[in-house]
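Residue numbers (the numbering used here): 59 to 172.
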């Protein structure tokens, strides 16, 4: 089968997780045969149902701690104050947190079109 975008290129076929994918090695376009989209939808629904079934039940809420028996007197036990703590001024402008993330698989669909 010829690529609809690249007229002189033959599509290559790949099968992943039971789904046949035709792709163009030149433009990296992806095409599905008849029924393959239905397979993708069915796999997606199975994954969604498995994810909701695997979700643990909500943990019971804890009661707040009881109020103290007496109210503290302001200044009675004064301790020297600590200087205000803040973040380093040069850290806020840093892009460290943007560039040092790990790979997290979004879904099985991202692995299918890898």
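Heads up, the beta-carbon is just placed ideally off N, CA and C, and yes, glycines get one too.
Bear in mind that the values here come from a model prediction, so they are computed numbers and not experimental data.
Proximity to residue i [Cα-Cα], best of the options
i, options, result
"residue 78", "122, 105, 93, 103", "93"
"residue 101", "63, 88, 82, 76", "76"
"residue 65", "124, 104, 87", "87"
"residue 60", "83, 128, 73", "83"
CB of residue i within 9 Å of CB of residue j, strictly
i, j, result
"residue 69", "residue 81", "yes"
"residue 7", "residue 85", "Outside the shown range of the chain (59 to 172) lies residue 7, about which nothing can therefore be said."
Residue i - partner residues in DSSP beta bridges
i, result
"residue 68", "60"
"residue 74", "77"
Same chain, Cβ closer than 8 Å to residue i, neighbours up to 5 away in sequence not counted
i, result
"residue 90", "77, 78, 79, 80, 98"
Cutoff 7 Å; reference residue i; Cβ partners in own chain excluding five residues on either side
i, result
"residue 63", "82, 85, 87"
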